[in-house]
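The structure appears right after this line, and notes come after that.
Numbering (the numbering used here), first residue to last: 3 to 418.
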């Protein structure tokens, strides 16, 4: 008996192979030479025969090509100044108070230049101030440097700005407070010494002018290396004029500043080639003087260009001045409405720049006030709803020096 008990594939090639093998086995069983009897039972197990095509030479499979993603396009990075470092040229009234303001605001002053003041005298002049009082921190000379509250400040005595080694001292921003190098050309000499930016602490004939709280947003680091912080009087008048013009419109106006005497005046009568009466004793007289502060407002508020002008009276006080702005309004407004607008601005967008008071104050109440302008609500008057006189106080030394420090910070922020 022939049995197929292991055919497990339907593949016809395998079946044909099995059939041929079985046929040969039957022939062997029926052969006379076979020792097996015909009647024997034959059991044939057929196993699956693998039939495959001739194997081709193995070719290593290629790894799929890696598609490299394009590298992200990096935007050009502007050079970043790691820290705001300041140098001060001229250690007079403004230079010393700028140092105080910078220290109070956390700005790092690394160098001071003044050819007329040696290190030990700097210590004395910074420590003691007849107007603003003694400096409360530690001031000393150590290893040829001025040390204030543990911070070392390099001291130089160079006559020419181009020779001051600002770069070696690490001063990136320089405050030009000598009152001498006011133009872009003259102030640019600081760049030769390694400075990157210069802030002139006075009006400049040709440098861009900025008043914090009014037009600092116009600063462009890509095109402005030398800038002016305007004058102390412009810093007082411009915020006042901006609020009035934005709310009611200024048709035209005249400004008078009653101004404290300054270092340029004489203690007793002396020569003054610029204007004869400027040479009269500062402690003995009220001296009419010229000022470009009102006209300068037109540079920081272009809409007011040609609408304002003014003059000054120099009076026998050491510090704090007051602006009197008399103007004609485009939009009628009661004095109460004007006060409301000023108060709102002082508590909002101009907080810290514009102050507001209804108290019965006098000039000495504002010594050491860091505002640019403090509106005196009780001192102003109006002739009618279109013609008003507005009064605003300012510490012409300390308030202004704080704005110099603020402008430095603003410039640094815009660049970084």
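The beta-carbon is built from N, C-alpha and C at its ideal position, and this holds for glycine as well.
Between the segment 290-300 and the segment 360-372 there are fewer than three C-beta pairs closer than 8 angstroms, too few to call the two in contact.
Residue environment: residue 383 is assigned as exposed (fewer than 16 neighbouring CB atoms within 10 Å of its CB, all protein chains considered). A straight-line Cα-Cα distance of about 9 angstroms links residue 97 and residue 203. Comparing C-alpha distances from residue 286 to each of 293, 176, 304 and 269 shows the shortest one belongs to 269.
For residue 128, there is no enclosing beta strand (DSSP E); the enclosing alpha helix (DSSP H) covers residues 121-129. Within the model, the alpha-carbon separation for residue 369 versus residue 150 is close to 23 angstroms. At the C-beta level, residue 262 and residue 179 stay beyond 8 angstroms of one another. About 6 angstroms separates the CB atoms of residue 110 and residue 85; that is less than 8 angstroms, so the two are in contact. Between the C-alpha atoms of residue 302 and residue 100 there is a straight-line separation of about 22 angstroms. Apart from sequence neighbours up to five positions away, the residues of its chain that approach residue 161 with a beta-carbon distance below 6 angstroms are 117, ordered along the chain. Considering only 406, 243, 416 and 193, the residue with the shortest C-alpha distance to residue 391 is 243. Taken through DSSP and simplified to helix, strand or coil, residue 85 comes out as coil. The residues 358, in chain order, have a CB closer than 7 angstroms to that of residue 345 in the same chain once the five nearest residues on each side in sequence are set aside.
With fewer than 16 other Cβ atoms from the protein chains shown falling within 10 Å of its own Cβ, residue 278 counts as exposed. Counting only unbroken stretches of 4 or more residues, the alpha helix (DSSP H) elements lying wholly within the segment 122-180 are 168-171, in sequence order. Three or more beta-carbon pairs separated by less than 8 angstroms are not found between the segment 219-234 and the segment 126-133, which leaves the two stretches without contact.
Distance from the CA of residue 375 to the CA of residue 238, rounded to the nearest whole angstrom, comes to 4 angstroms. Residue 213 is not a Cβ neighbour of residue 235, given a cutoff of 8 angstroms. Take residue 332, set aside five residues on each side of it, and the residues of its chain with a beta-carbon closer than 6 angstroms to its own are 251 and 253, in chain order. Residue 154 has its alpha-carbon roughly 31 angstroms from the corresponding atom of residue 209. Per DSSP, residue 370 has no beta-bridge partner at all. Pairwise C-beta distances place the segment 223-230 in contact with the segment 186-198, as three or more of them are shorter than 8 angstroms.
Boundaries of the alpha helix (DSSP H) harbouring residue 248: 234-249, taken from the DSSP string. In the DSSP assignment, residue 362 forms no beta bridge with any residue.
Residue 406 and residue 177 do touch by the CB rule: their CB atoms are close to 6 angstroms apart, below 8 angstroms.
In this structure, the CA atom of residue 288 is about 43 angstroms from the CA atom of residue 415. Within its own chain, the residues whose Cβ lies closer than 8 angstroms to the Cβ of residue 147, once the five positions on either side in sequence are excluded, are 121, 154, 155, 156 and 157, listed in chain order. DSSP places residue 331 within a strand segment (E or B) once states are collapsed to three. Residue 351 is not a Cβ neighbour of residue 294, given a cutoff of 8 angstroms. Residue 102 holds the alpha-carbon nearest to the alpha-carbon of residue 400 among 92, 349 and 102. Residue 343 places its beta carbon 8 angstroms or farther from that of residue 216. In the structure shown, residue 338 adopts helical secondary structure according to DSSP, grouped into three states. The three-state reading of DSSP puts residue 254 in strand, counting E and B together. The beta-carbon distance between residue 321 and residue 378, rounded to whole angstroms, is 17 angstroms. This is too long to meet the 8 angstroms contact definition.
For residue 197, there is no enclosing beta strand (DSSP E), as DSSP marks it with neither H nor E.
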